[in-house]
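Protein sequence lines correspond, in order, to chains A, B, C and D.
Position 100, counted from 1, in the first sequence is what my numbering calls 100; the numbers after and before it change by one each time, with no gaps.
Position 85, counted from 1, in the second sequence is what my numbering calls 85; the numbers after and before it change by one each time, with no gaps.
Position 62, counted from 1, in the third sequence is what my numbering calls 62; the numbers after and before it change by one each time, with no gaps.
Position 20, counted from 1, in the fourth sequence is what my numbering calls 20; the numbers after and before it change by one each time, with no gaps.
Beta carbons are placed, not taken as given, at the ideal position from N, Cα and C, and that holds for glycine.
Since the structure is predicted, the reported quantities are computational estimates derived from the model, not experimental observations.
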Amino acid sequence: MPDLSVNIAGLHFKNPVTTASGTFGYGDEFLEFIDLGRLGGIFVKAVTGKNRDGNAYPRMAETPAGMLNSVGLQNKGVDHFCREIYPRIQDFKTNIIVNVSGSTVEEYVEVAERINELEKVPGIELNISCPNVKLGGMAFGTVPAMATEVTAEVRKVYKKVLMVKLSPNVTSITDLAKAVVDGGADAVTLINTLLGMAIDAERRRPVLSTITGGLSGPAIKPVALRMVWQVHKAVNVPIVGLGGIMNATDAIEFILAGATAIQVGTANFIDPEVSVKIADDIEAYLVRHRIGAVSELIGALRTE
Amino acid sequence: MPDLSVNIAGLHFKNPVTTASGTFGYGDEFLEFIDLGRLGGIFVKAVTGKNRDGNAYPRMAETPAGMLNSVGLQNKGVDHFCREIYPRIQDFKTNIIVNVSGSTVEEYVEVAERINELEKVPGIELNISCPNVKLGGMAFGTVPAMATEVTAEVRKVYKKVLMVKLSPNVTSITDLAKAVVDGGADAVTLINTLLGMAIDAERRRPVLSTITGGLSGPAIKPVALRMVWQVHKAVNVPIVGLGGIMNATDAIEFILAGATAIQVGTANFIDPEVSVKIADDIEAYLVRHRIGAVSELIGALRTE
Amino acid sequence: MELKKVVRDLKVVQTIHLNRRHFILELLAPDKLPLILPGQFSQALVTGSPSTFLRRPFSIHSVDYGRNTLRLLVQIKGEGTRHLSLLKAGDTLNLIYPLGNSFSLPATKDVLLVGGGCGVAPLLFLAQFLNQNNIHPTILLGFRTSEEVSEIEEYSKYGKVLVTTDDGTAGEKGLVVDHPVLQRESIPFKKIFCCGPDAMMKAIARMAWMHKTDCEVSLENTMACGFGVCLCCVTPTDKGNERVCMEGPVFNINRLKWR
Amino acid sequence: MELKKVVRDLKVVQTIHLNRRHFILELLAPDKLPLILPGQFSQALVTGSPSTFLRRPFSIHSVDYGRNTLRLLVQIKGEGTRHLSLLKAGDTLNLIYPLGNSFSLPATKDVLLVGGGCGVAPLLFLAQFLNQNNIHPTILLGFRTSEEVSEIEEYSKYGKVLVTTDDGTAGEKGLVVDHPVLQRESIPFKKIFCCGPDAMMKAIARMAWMHKTDCEVSLENTMACGFGVCLCCVTPTDKGNERVCMEGPVFNINRLKWR
Ligand SMILES: Cc1cc2nc3c(=O)[nH]c(=O)nc-3n(C[C@H](O)[C@H](O)[C@H](O)COP(=O)(O)OP(=O)(O)OC[C@H]3O[C@@H](n4cnc5c(N)ncnc54)[C@H](O)[C@@H]3O)c2cc1C
Ligand SMILES: Cc1cc2nc3c(=O)[nH]c(=O)nc-3n(C[C@H](O)[C@H](O)[C@H](O)COP(=O)(O)OP(=O)(O)OC[C@H]3O[C@@H](n4cnc5c(N)ncnc54)[C@H](O)[C@@H]3O)c2cc1C
Ligand SMILES: Cc1cc2nc3c(=O)[nH]c(=O)nc-3n(C[C@H](O)[C@H](O)[C@H](O)COP(=O)(O)O)c2cc1C
Ligand SMILES: Cc1cc2nc3c(=O)[nH]c(=O)nc-3n(C[C@H](O)[C@H](O)[C@H](O)COP(=O)(O)O)c2cc1C
Ligand code: FES
Ligand code: FES
């Protein structure tokens, strides 16, 4: 049996398959479908300082091999998370990572500080990349100096594994990756959604209430793979890779490009059981290729 | 019969449907399939100062709802173009626009100067966005100051319609659009390909000889539409919109977002007759919606 | 029986083409059907349609626990539903079901069901369920034209059926809300269940408020997941933005921000 | 007859499943077939396969101008070819054809055709064409295993057929290049036409050079368009990077950079 485990800044993952924030709720909606204990980890929906209603509907548009969303960080705030959600999910037999969002450095710090107290949350993922909130993520995620600042401020209060999730809507993803590593990030997650738009030609209107939204799904996989590869060559921290992963082959492509772990996002909507299948099929790939440990594949793309 | 004509900096297009550079050869390969006189214009393959062999093969990878290419500006140089190609295509009954590329400002200027002499070429499209040539396009297309410079230098020698084609691989497409308008561009074309990558998981190798390549096709349409919309609100010159247009509905979406004309790219590979069909179907749309002229649709997205 | 969501390959027993735009898929479950409540829906995976990436939501039209089958009533709208219309006996359709909440069991016997377009789909199952609880509702169905009027005998098993068509080629001419049964000073219903296009549901809601009649509607929305995790399908309610696929699709009109 | 590229919907006359991995599509053209030369290929539009975006290239396996039909011989590789294998009589397949150059008419009668895998596809048409020009080639075909050996009677109409299989279950065991007919001091052929996997063609090319025998190969490559406009399919030749879909797929080995 090949060894599927991977390690991110000392945090053990039983396998490299985790689920992407915003596509997996708080995990409990999936209890009817899968055994969460079979996953390396779950990244729960973004948590902000206060309650947010998110954007008006329609919030979704289907696109070729993908979808746009403009959910906009709807959540009930960090208090509610700690009081109502955490007790409900703390005993899942997998790593629970909280996706931390905000509109100001103070808000990020506040949320991170609160999550730091939760014993059974071994890490957070700073979402400096959500393109949907006007007073929010976009700026942090696209200006290296701001990315360094918010990461460094959170680093001061957050003592466990700190991952930072990057926006792909930038000229140089490596500059951003370096910026957050400078700020003290233990790992980087990439990619968040590409900023896109859909139009209903018959009604001559935008499909989304917010006009633009975040593109996810297989359509963005080539861009995501490229960014993982670029960042893998540029920085020395582990990468959590995602963007359009639908099956184990996709997952292995990300690992070969340099990802230590991967996240399954939009694919969960199409098959809520897919994450566990991906873990199984990665194992089958390793057996078929006689590879002893998945960690041997990380960044192992042959380019000579 | 609705009026399909549009106008870009004084240049008349009988309809808004043109074809994208690099996907339509020099037009003559399509003579067996369509009547070029039914198109608003054709944008021919990139022309550089000297002969270029392009990249090694494999140069192509299929991706979800799209493809990657790493052709890399293969062409026989501007001399050959003027001597061999131009005489062959000059009498096509459509606007022939030449896509001008280079690795240095001098090369762009040299090619533009030569093309300026060709009586039956009413315009050029400066390709400052090709992501495939190491010493090339990328830098010009991603740094506003360089984009302004190359546009301004070409503007000095080029007397007809000057369009500049932008790269989508930037943090702010509006900054780039403003930069080339400052440099004297009459119009902007967007978008070129997104930088992406494909991996063969079985062989653990990149699919393309160049590892990364340019992503085109329906997958990128949401990103392209968003950029056309953003630029339409930011600058005051006409926009030529493209990225994943497969049919008239897609084309109308781009026009509603702000494009004066559109280009059909990758779709030509799947159906070499599609560009003419799109022109016909745009007309049918106008008739069905009782719209007298396609120009009424430009930027006419209802967002109130 | 457990109320548990499952992902299953169902076998197409038959495809009944009602008219050019509507068809019924009768589907056989591979294992014992879970408990399904009226108003619940399923998410169908469309294969072979390159432009259909996400699943498509369809209400449960009827359930036969004995034969372990359920039916979907589908209106052809775009590529996804067109591909579903090509399914034949023996083909497979992957469903996630049952999803969402359900219509509530009313405390009165004076019940009206109102449906229009593909919104009639959940009403057959609801009528059946009401019958099992000794309620014989009036069932008011709106169609475009006589050609699309269908399954009247089915509905008639469970209550009195009234019909409107847009063009008057069958039943009363006009919209469901214009039907004479609703044009009285006081309408003879204490509870209305409604499903159909937004405009229709809003018109019925206005009428219900006017007559102080209790009313539940089954909302549509754009859905990515269907089981509560994407937050794409929200509707504003008295509790903020709620998920149509989880807290809905059925809402009491008093909880919606429609006034 | 004009040598003109066309885009056409062809009707599937029959699908002949040769073995688990190979099948033949016989296709009826809607109008008079254009002139097609041996070695030319077509670009097939696969519908109903969400993961297949671009067309797929297939050689013309045979042509019947009388019945206005042509055949493709297809090996199932991935989703595109799997979907094509599901086509049935009466279905439609959209093709762009005929594409590319062709094998040349040799000035000798001592001709060997060598094919392996799906590379055998263009050789039947070529053999037919050679016969029409009074050449009866030797035809050496390589297969994986006896189960995949097929259409031998067809080829036998046009010349002497030799077979190798990887596992020796039919004909000679080994690779085509190891066949005894090629293991002599001087081989009895003045012209070789070869189509198959790259490694096979290169081995044959080495052998041809050794024996100073003229040799043409039909190359594969990754194609986006198939008609010369995308420049995705180039191969290095004595004239620089040439397009396999236009200047090829057939090249004389002396023009390639294989030495
Ligand atoms: C909870 C729920 C239950 C439903 N039950 C049924 C049912 O029982 N029978 C039935 O026929 N349909 C039902 N629908 C609607 C059905 O899901 C859509 O018609 C279907 O998804 C369209 O898919 P398509 O690929 O054919 O069309 P698409 O190509 O996706 O769309 C075609 C056109 O229909 C519009 N459209 C697509 N989806 C929706 C939607 N969800 N709401 C409004 N407009 C839409 C699009 O804007 C577009 O203009 C239900 C929807 C929901 C949310
Ligand atoms: C000029 C030309 C003529 C051809 N003639 C025939 C023919 O007559 N009969 C026939 O069966 N096949 C022929 N082929 C090959 C055929 O086009 C591919 O097998 C087919 O496109 C695979 O499609 P798919 O969707 O099934 O596989 P995909 O899912 O696209 O690919 C499956 C696997 O096959 C590999 N593959 C795909 N395309 C090619 C290719 N062009 N070259 C090498 N490897 C590839 C991929 O890397 C992948 O590993 C020809 C190719 C060319 C270029
Ligand atoms: C409906 C939806 C909601 C999302 N919400 C969040 C979020 O709250 N925080 C976050 O960091 N990313 C969020 N994302 C982005 C995903 O986590 C992921 O980065 C993106 O979808 C790309 O991966 P995919 O193509 O596998 O879905 C969301 C994505 C979707 C589709
Ligand atoms: C094979 C190929 C070659 C291309 N060559 C060029 C080129 O020479 N110059 C250029 O400006 N753009 C080139 N492009 C980009 C296209 O013109 C276009 O911007 C891009 O493909 C997006 O449009 P589409 O999705 O409609 O194809 C090329 C694209 C493809 C697919
Ligand atoms: S559709 Fe995803 S939460 Fe309702
Ligand atoms: S495949 Fe496009 S040029 Fe050959």
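Just the Cα atoms here: how many angstroms apart are C:Thr138 and C:Val74? When rounded, the distance between both Cα atoms is 23 Å.
Taking C-beta to C-beta, are B:Val294 and B:Ala259 nearer than 8 Å? No, the pair does not count as a contact, with Cβ atoms beyond the cut-off.
Can you tell me the Cα-Cα spacing of A:Met163 and A:Gly241, whole angstroms? Each residue's alpha carbon lies about 12 Å from the other.
Taking CB distances under 8 Å as the criterion, tell me whether C:Cys225 reaches chain A. Contact with chain A is found for C:Cys225, since one of that chain's Cβ atoms lies less than 8 Å from the residue's Cβ.
Under a three-way DSSP split, which group does A:Arg52 fall into? Note: A:Arg52 maps to strand in three-state DSSP.
Pairwise C-alpha distance: D:Glu220 and D:Phe244: It should be noted that the sequence gives Val, not Phe, for residue 244 of chain D. Inter-residue distance for D:Val244 and D:Glu220 is about 8 Å (C-alpha atoms, whole angstroms).
Per-residue contacts from C:Gly48 into chain D (C-beta, under 8 Å): Simply Gly48, Ser49 and Pro50.
Bounding residues of the alpha helix (DSSP H) (the contiguous stretch that carries A:Met146): The continuous alpha helix (DSSP H) containing A:Met146 extends over residues Pro144 to Val157.
If we call anything under 8 Å between Cβ atoms a contact, is A:Ala187 one with A:Ile8? Taking 8 Å as the Cβ cut-off, A:Ala187 and A:Ile8 qualify as a contacting pair.
Taking the beta strand (DSSP E) that C:Arg259 belongs to, which residues open and close that run? According to the DSSP assignment, C:Arg259 belongs to no beta strand (DSSP E), since it is labelled neither H nor E.
Rounded separation between B:Ile199 and C:Ala208 - CA only: B:Ile199 and C:Ala208: Cα-Cα distance of roughly 59 Å.
Inter-residue spacing [alpha-carbon to alpha-carbon] between B:Ile239 and A:Met146: In a straight line, the C-alpha of B:Ile239 is about 32 Å away from that of A:Met146.
With respect to 7 Å, is the separation between the Cβ of C:Arg243 and the closest non-hydrogen atom of ligand 5 below this value? Correct: C:Arg243 has its Cβ closer than 7 Å to ligand 5.
Within 9 Å of chain A by C-beta, residues of the region 201 to 233 of chain C in sequence order: Hits within the stretch, in order: Asn221, Thr222, Met223, Ala224, Cys225, Gly226, Phe227, Gly228, Val229, Cys230, Leu231, Cys232 and Cys233.
Where does C:Tyr97 sit, in a helix, a strand or coil, going by DSSP? Of the three classes helix, strand and coil, the one that applies to C:Tyr97 here is strand, per DSSP.
Can you list, in chain order, the residues of its chain with a C-beta nearer than 6 Å to that of C:Met246? Leave out the 5 residues immediately preceding and following it. Within its own chain, the residues whose Cβ lies closer than 6 Å to the Cβ of C:Met246, once the five positions on either side in sequence are excluded, are Gly228, listed in chain order.
Determine whether the beta carbon atoms of A:Leu317 and A:Leu215 lie at a separation below 8 Å. This structure does not reach residue 317 of chain A, given that chain A is present from 1 up to 304, and the question cannot be answered.
Suppose the cutoff is 6 Å on Cβ atoms and the five residues either side in sequence are ignored; what does the same chain contact list for D:Ile152 look like? For D:Ile152, same chain residues with a beta-carbon under 6 Å away, outside a window of 5 residues either side, are Val161 in chain order.
Give a yes or no on whether the minimum CB-CB distance between C:Val7 and chain A is below 8 Å. Taking Cβ atoms only, chain A reaches closer than 8 Å to C:Val7, which makes this a yes.
Selected residue, minimal CA-CA separation from D:Pro236, among B:Asn169, B:Val276, B:Pro58 and B:Arg290: D:Pro236 has its Cα closest to that of B:Pro58, out of B:Asn169, B:Val276, B:Pro58 and B:Arg290.
Please classify A:Gln230 as buried or exposed, where buried requires at least 16 other C-beta atoms within 10 Å of its C-beta. That one is buried.
Given the structure, does D:Leu231 come close to ligand 6, in the sense that its CB is under 7 Å from one of the ligand's heavy atoms? Yes, ligand 6 has a heavy atom inside 7 Å of this Cβ.
Mind checking who A:Pro206 pairs with in its DSSP beta bridge? When DSSP reads this structure, A:Pro206 sits in a beta bridge with A:Ile199.
Classify C:Pro188: buried if its beta carbon has 16 or more other beta carbons within 10 angstroms, exposed otherwise. Per the 10 Å Cβ criterion, exposed.
My output table needs one value for B:Gly10: the three-state DSSP class, helix, strand or coil. In the structure shown, B:Gly10 adopts coil according to DSSP, grouped into three states.
Exposure label - B:Leu307; buried when at least 16 CB within 10 Å: Since the first residue of chain B shown is 1 and the last is 304, residue 307 of chain B is not available in this structure.
Can you look up A:Glu106 in the DSSP assignment and give me helix, strand or coil? Here DSSP, grouped into helix, strand and coil, assigns A:Glu106 to helix.
With 8 Å set as the bound, which would you pick, yes or no: does the beta-carbon of A:Asn132 sit closer than that to a beta-carbon of chain C? Here A:Asn132 scores only 44 on pLDDT, less than 50, and its place in the model should not be relied on; the value that follows carries that caveat. No, no contact with chain C.
Does any CB atom of chain A fall closer than 8 Å to the CB of B:Ala219? Yes, contact with chain A.
Alpha carbons only, please: which of B:Leu166, B:Glu253, B:Lys159 and B:Asp182 is nearest the one belonging to A:Arg204? For the set B:Leu166, B:Glu253, B:Lys159 and B:Asp182, the Cα lying nearest the Cα of A:Arg204 is the one of B:Glu253.
C:Pro30: which of C:Leu54, C:Val13 and C:Gln40 sits nearest, CA to CA? Of the candidates C:Leu54, C:Val13 and C:Gln40, C:Val13 places its Cα closest to the Cα of C:Pro30.
Between the beta-carbon of B:Asn55 and the beta-carbon of B:Thr212, is there less than 8 Å? Contact: no.
On the DSSP bridge list, what partners appear for D:Asp22? The question names Asp, but residue 22 of chain D in the sequence shown is His. Bridge partners of D:His22: D:Gln75.
In the DSSP assignment, the beta strand (DSSP E) including D:Asp214 goes from what residue to what residue? Bounds of the beta strand (DSSP E) holding D:Asp214 are Asp214 to Ser218.
Three-state class that DSSP yields for B:Thr212 in the structure shown: Note: B:Thr212 maps to strand in three-state DSSP.
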